[in-house]
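Everything on this sheet refers to the single structure shown next.
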Amino acid sequence: MHVRDDYGLAIAEADAHEALAAHRAGDLPPVALLRVPDPPRETWTDLERAGFVRKPVWLSWRAPTPRSVDEYAARLARKARQDLRRAIDRAADAGVRVEVHRTLTADQLDPFLRLYESRVSGMRFGFSFAGSMRDGMIDNPRTFGVFAYDDGELVGGCLCREFPEDDSVWLLFSAVEARWREHSLARVIYLHAFDETRRRGFPEVTMGNDPNLYGHVAKPGLFLFKTRLGFEPVPAKPVGRAPAGDCADLLLSVDALTTPVVMLGHADENSYHGVATPRLTARVFGAGPEVDIDRYTTRTVHTVSRVELPTPVAGATG
Numbered sequence: 001m002h003v004r005d006d007y008g009l010a011i012a013e014a015d016a017h018e019a020l021a022a023h024r025a026g027d028l029p030p031v032a033l034l035r036v037p038d039p040p041r042e043t044w045t046d047l048e049r050a051g052f053v054r055k056p057v058w059l060s061w062r063a064p065t066p067r068s069v070d071e072y073a074a075r076l077a078r079k080a081r082q083d084l085r086r087a088i089d090r091a092a093d094a095g096v097r098v099e100v101h102r103t104l105t106a107d108q109l110d111p112f113l114r115l116y117e118s119r120v121s122g123m124r125f126g127f128s129f130a131g132s133m134r135d136g137m138i139d140n141p142r143t144f145g146v147f148a149y150d151d152g153e154l155v156g157g158c159l160c161r162e163f164p165e166d167d168s169v170w171l172l173f174s175a176v177e178a179r180w181r182e183h184s185l186a187r188v189i190y191l192h193a194f195d196e197t198r199r200r201g202f203p204e205v206t207m208g209n210d211p212n213l214y215g216h217v218a219k220p221g222l223f224l225f226k227t228r229l230g231f232e233p234v235p236a237k238p239v240g241r242a243p244a245g246d247c248a249d250l251l252l253s254v255d256a257l258t259t260p261v262v263m264l265g266h267a268d269e270n271s272y273h274g275v276a277t278p279r280l281t282a283r284v285f286g287a288g289p290e291v292d293i294d295r296y297t298t299r300t301v302h303t304v305s306r307v308e309l310p311t312p313v314a315g316a317t318g
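Written out as structure tokens, the structure is:
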């Protein structure tokens with residue numbers, strides 16, 4: 001059994017037989033999560049009986065490219081439509097200027113990276129993934145930026161990249177200053193990103209890939225935010241260097257995580273192989289009775305359930 005640090009979270013990895021033996025013996029490691037990478041099919045039933053969640057390691061949030069603001073708004077729930085209209089009006093009333101840079105110079109990119117990194121630095125388990133990709137985004141015709149300016153000052157933006165092999169544009173990184181986050185400026189920025197995606201002829205837009213453990217690097221609120229924007233989670237495909245694949249996870253502690261912790265598991269043995277719309281199920285950990293877990297259902301997430309941690313290690317640390 002190998003223990004590694006995953007952006008501040010202790011994860012133990014083992015093969016299926018070792019993990020099941022540890023579970024039967026009550027000898028689970030004092031970590032936040034026990035993971036079995038790519039569990040063999042013949043072990044799926046035993047792992048699920050032991051409380052493991054068989055799931056995609058990464059999730060991709062996808063939606064058809066909107067043809068217009070009205071067409072996009074029609075997909076949203078009523079409150080989300082109202083929030084979108086208010087965000088558009090507030091930005092217009094304040095004179096916010098949104099620019100699409102179809103290729104990026106260092107002078108255009110670096111102010112956004114500073115804003116992005118200031119946001120990430122305030123997060124537990126935060127990591128500047130965008131900063132590590134800086135050189136590959138400059139003067140790259142497949143990368144574009146959508147930036148919002150208030151009185152000439154950058155107040156928000158989104159970095160996007162074409163993936164022709166996936167027939168989509170990915171909205172990779174976004175950040176908005178605090179005073180504009182509460183006015184939902186990100187929604188206005190995304191509308192311009194959708195327009196550029198349509199102009200480039202891509203039929204689908206993707207809000208990037210998230211690790212399938214909401215409560216760690218990606219927070220549970222991000223799940224709800226992307227849902228409200230009309231995107232659906234599906235198992236990530238191996239596009240470019242983006243990771244994919246399956247694992248089986250046994251969550252042992254939420255002490256180091258933001259609750260409620262949410263994982264999306266495969267609903268059944270054939271939950272996504274050979275079907276257009278995958279069938280997933282949300283497992284919610286550390287949610288009190290006041291938490292409405294039904295908010296974590298979507299078109300692709302058919303069911304949701306509260307899950308208790310294994311009692312012997314409920315106090316384990318991350």
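The opening position of the sequence shown corresponds to residue 1 in the UniProt record's numbering, with each subsequent residue numbered one higher.
Beta carbons: idealized from backbone N, C-alpha and C, even for Gly.
Counting along the chain, residue 138 sits inside no beta strand (DSSP E), nor does DSSP assign it H or E at all.
As summarised for the segment 28 to 55, the continuous beta strand (DSSP E) elements at least 3 residues long and confined to that stretch are 33 to 37, given in chain order. The residues 232, in chain order, have a CB closer than 6 Å to that of residue 299 in the same chain once the five nearest residues on each side in sequence are set aside. Annotated as distal: residue 61 and residue 197, with beta-carbon spacing of 9 Å or more. Per DSSP, residue 254 lies in no alpha helix (DSSP H) and is assigned neither H nor E.
Under the three-state reduction of DSSP, residue 220 is assigned to helix. Here the alpha carbons of residue 53 and residue 114 stand approximately 37 Å from one another. If you look at residue 71, you'll find it in the alpha helix (DSSP H) that goes 69 to 75. For residue 69, the closest C-alpha among the options 246, 189, 93, 261 is that of 189.
Considering only 309, 260, 191, the residue with the shortest C-alpha distance to residue 292 is 260. Residue 209 is bridged by DSSP to 60. Check the Cα spacing between residue 7 and each of 226, 256, 307, 309: the tightest is with 256. Shortest Cα-Cα distance from residue 165 to any of 202, 253, 148 involves 202.
Taking C-alpha positions only, residue 66 is separated from residue 81 by approximately 14 Å. When DSSP reads this structure, residue 263 sits in a beta bridge with 283. Judged by DSSP secondary structure, residue 5 falls within the beta strand (DSSP E) whose first and last residues are 2 to 6.
With distances taken between CA atoms, residue 152 lies nearest to 99 out of 25, 18, 99.
Residue 97 has 149 as its beta-bridge partners, per DSSP.
Taking the Cα of residue 16 as reference, the smallest distance to any Cα among 305, 282, 40 is reached at 40.
Excluding sequence positions up to five before and after residue 22, its CB lies within less than 6 Å of the CB of 28, all in the same chain and listed in chain order.
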